[in-house]
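This report concerns only the one structure given below.
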Ligand code: PLP
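In this note's numbering, the protein residues as written are 58 to 505.
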């Protein structure tokens with residue numbers, strides 16, 4: 058089973074949350090960890106599994122965040138622990154660029170099998186999502202011999218120097234950190250809820266505007282890559298209006314531009330498919346993965362057409378720890394669990410529960426402006442009132458705080474900090490999910 062039997066799947070509050078031991082550790086953190094390293098919930102973890110995080114005070118908290126969308130297979134999943142402990146006992150590091158090992162190759166084989174498209178594919182493994190996005194841009198530039206990179210409004214691609222340039226939101230991700238990398242251009246995305254002429258015209262108009270800007274302001278022949286999240290994560294769980302992604306994909310193909318899908322948050326069963334771009338039959342030239350890939354160990358990848366991947370000179374990609382053998386073993390365990398427990402099916406079940414409960418809540422609460430998302434990647438957008446759609450960051454923070462105090466971890470997000478997102482581990486039990494949503498309903502009732 059994916060859930061360690063020693064960790065009961067029930068919410069249990071023994072102290073106020075955060076409890077005394079967490080508060081004590083928070084004080085120690087304040088003394089030695091940079092203030093910029095913020096924690097959304099000042100509760101220290103002791104152990105975790107399934108849909109539960111047990112804190113250092115013995116409280117058992119419902120996890121609707123999966124450590125920022127990472128623990129798709131649940132924490133300490135049996136297959137992950139089994140494979141990574143066996144690997145750690147054999148060797149922990151040799152550097153793949155010095156003495157290679159089978160696990161790396163096996164992960165690349167799995168990525169070739171699972172990612173969209175029947176063409177020959179190759180991969181490079183990296184340590185983090187941002188590093189993988191940077192490498193996708195390097196590869197696209199090397200292959201196309203062009204420099205410009207197109208990204209979208211509300212995009213999030215990371216916090217390294219190049220990925221800060223690709224990320225849309227200034228505060229807190231970019232403020233004070235410039236200058237940013239050049240040759241990065243931002244165009245509109247099809248955000249149905251906030252599209253000025255309404256959701257029906259959104260896909261066509263947004264695609265037209267994006268393509269027009271690329272054509273007039275950059276010149277398609279200068280563009281190496283269009284980088285997009287098929288379901289935008291940190292920007293607010295925005296599902297681009299249907300038809301937008303295929304239009305951009307076609308434009309890229311027509312102009313020799315590489316279409317790069319950033320599936321770091323949406324990949325690996327999260328949206329009910331292996332990858333979110335499958336919902337509209339999109340086959341990207343390069344696909345970037347991380348988070349869910351390795352059950353919590355740091356691993357990321359760029360996977361793409363073999364001829365594109367092979368356009369980079371030997372030694373041009375990689376790094377000391379890239380594709381660490383323990384992380385590779387964890388990834389093989391995570392993928393084993395995704396298949397064995399049909400986590401794509403589980404994500405669809407979770408979507409049904411989340412959407413029905415959240416839609417019912419939105420009938421009661423005028424401040425819920427929109428319910429959206431796919432699979433176990435669903436969100437509500439909060440507004441002051443439905444007519445103005447003015448973002449309601451204050452209520453968002455208050456609802457999240459009330460959930461946290463009642464022992465349910467929810468995360469907020471969005472360009473306007475007015476989105477509550479639900480990213481539960483896909484192995485969460487339906488009762489636990491339902492209990493978490495009961496707490497959410499109480500939080501909305503309390504906040505009004
Ligand atoms: N791209 C997307 C879509 C993400 O959601 C994230 C992280 O949240 C990143 C890139 C950056 O990944 P990492 O935090 O592993 O660098």
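Just so it is clear, CB atoms sit at the ideal spot from N, CA and C, and this is done for glycine as well. Note that the structure is predicted; figures quoted are calculated from it, not measured.
Can you list, in chain order, the residues of its chain whose CB lies under 7 Å from that of residue i, leaving out five sequence neighbours each side?
i, result
"residue 335", "173"
"residue 64", "104, 106, 107, 109 and 111"
"residue 171", "331"
"residue 241", "206, 208, 222 and 223"
"residue 66", "60, 107, 108, 109, 486 and 489"
"residue 102", "110 and 112"
"residue 152", "377"
"residue 234", "221"
"residue 96", "none"
"residue 423", "442 and 443"
"residue 69", "116 and 117"
Across which residues does DSSP place residue i in a beta bridge pair?
i, result
"residue 438", "427 and 476"
"residue 289", "295"
"residue 117", "69 and 111"
"residue 344", "318 and 360"
"residue 271", "Note: residue 271 sits in no beta bridge, so no partner."
"residue 468", "478"
"residue 323", "None; residue 323 has no bridge partner."
"residue 244", "209"
"residue 283", "207 and 316"
"residue 446", "Answer by DSSP bridge pairing: none, since residue 446 is not bridged."
"residue 419", "BP columns for residue 419 are empty, so no partner."
"residue 524", "Residue 524 lies beyond the range of the chain shown here (58 to 505); nothing can be said about it."
"residue 179", "361"
"residue 102", "112"
Ignore the nearest five residues each way along the sequence and tell me which others in residue i's own chain have a CB closer than 8 Å to its CB.
i, result
"residue 416", "428"
"residue 373", "195 and 199"
"residue 178", "168, 169, 172, 360, 361, 362, 363 and 366"
"residue 256", "249, 250 and 298"
"residue 320", "286, 287, 332, 333, 334, 344, 345 and 346"
Below 8 Å on the Cβ atoms is my guess for residue i versus residue j; work out the distance and round it to an integer in Å.
i, j, result
"residue 437", "residue 477", "5 Å"
"residue 435", "residue 490", "Not a contact, Cβ separation roughly 11 Å."
"residue 94", "residue 75", "Incorrect: roughly 17 Å between the Cβ atoms, too far for contact."
"residue 279", "residue 216", "Residue 279 to residue 216, Cβ: 26 Å. No contact."
"residue 141", "residue 383", "5 Å"
"residue 189", "residue 333", "Residue 189 to residue 333, Cβ: 16 Å. No contact."
"residue 418", "residue 498", "6 Å"
"residue 264", "residue 305", "6 Å"
"residue 290", "residue 213", "6 Å"
"residue 303", "residue 337", "6 Å"
"residue 182", "residue 161", "6 Å"
"residue 508", "residue 128", "Beyond the ends of the chain as shown, which are 58 and 505, falls residue 508; an answer cannot be given."
"residue 164", "residue 385", "5 Å"
Tell me which residues share the same chain as residue i and place their Cβ nearer than 6 Å to its Cβ, disregarding the 5 neighbours each side in the sequence.
i, result
"residue 479", "121, 411 and 435"
"residue 463", "496"
"residue 318", "287, 334, 341 and 344"
"residue 309", "283 and 316"
"residue 445", "none"
"residue 375", "154"
"residue 176", "362"
"residue 461", "98"
Under 8 Å, Cβ to Cβ, is there at least one residue of chain C near residue i?
i, result
"residue 268", "Protein chains in the displayed structure number just one, and chain C is not present."
Closer than 8 Å is the cut-off here; do at least three beta carbon pairs connect the region 219–238 with the region 267–276? no
If contact is defined by three or more beta carbon pairs under 8 Å, each pair taking one atom from either stretch, is the region 286–298 in contact with the region 236–250? yes
Counting Cβ pairs, one atom from each stretch, are 3 or more of them under 8 Å apart for the region 199–209 and the region 272–291? yes
The region 390–397 / the region 426–433 touching (three or more Cβ pairs under 8 Å): no
Sufficient close CB pairs (3 or more, under 8 Å) joining the region 142–151 to the region 324–344: no
Report yes or no: do three or more beta-carbon pairs, one from the region 449–465 and one from the region 395–410, lie closer than 8 Å? no
Counting beta carbon pairs with one atom in the region 110–122 and one in the region 343–359, are three or more of them shorter than 8 Å? no
Do the region 392–403 and the region 152–162 make contact, defined as three or more Cβ pairs closer than 8 Å? no
Below 8 Å, can you find three or more Cβ-Cβ pairs linking the region 80–90 to the region 491–504? no
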